[in-house]
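Peer 1:
Now the structure itself:
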């Protein structure tokens with residue numbers, strides 16, 4: 005069972021990366037947000053660098069935790085969608 009879980013985890017990771025890359029290409033909202041962030045990155049770094057070391061570390065740690073939280077949610081939603089798809093395929097008799 006452990007080997008299956010490892011293969012399934014690898015499969016899901018590969019599919020998530022593929023979905024992420026595809027979404028970046030076609031999702032206009034994502035592209036707008038990415039553009040917004042890219043345009044403001046230098047200003048953000050200037051502000052961060054103007055802070056004392058404790059505040060700077062706090063901000064970076066906070067941002068890192070937000071990113072981890074979003075990634076965790078994204079991973080769970082992806083798996084939920086996968087499970088829903090399997091349930092639907094069973095319900096309509098395909099599998």
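Numbering (the numbering used here), first residue to last: 5 to 99.
Every residue gets a Cβ at the ideal spot worked out from N, C-alpha and C, and that includes glycine.
As the structure is a prediction and not an experimental result, all values here were calculated from the model.
1. Over the uninterrupted alpha helix (DSSP H) stretch that includes residue 54, give me the two end residues.
2. So which of 88, 71, 86 and 78 has the shortest CA-CA distance to residue 24?
3. Look up residue 5 in the DSSP assignment and say whether it is helix, strand or coil.
4. Could you check the C-alpha separation between residue 51 and residue 10 for me, to the nearest Å?
5. Leaving out five residues on either side along the sequence, give the residues of the same chain with a beta carbon under 8 Å from the beta carbon of residue 64.
Peer 2: Taking the structure as given:
1. Per DSSP, residue 54 belongs to no alpha helix (DSSP H) and is neither H nor E.
2. Measuring from the Cα of residue 24, the nearest candidate turns out to be 78.
3. Shown here, residue 5 sits in coil according to DSSP, grouped into three states, outside any helix or strand.
4. C-alpha separation (whole angstroms): 43 Å.
5. Answer for residue 64: 52, listed in chain order.
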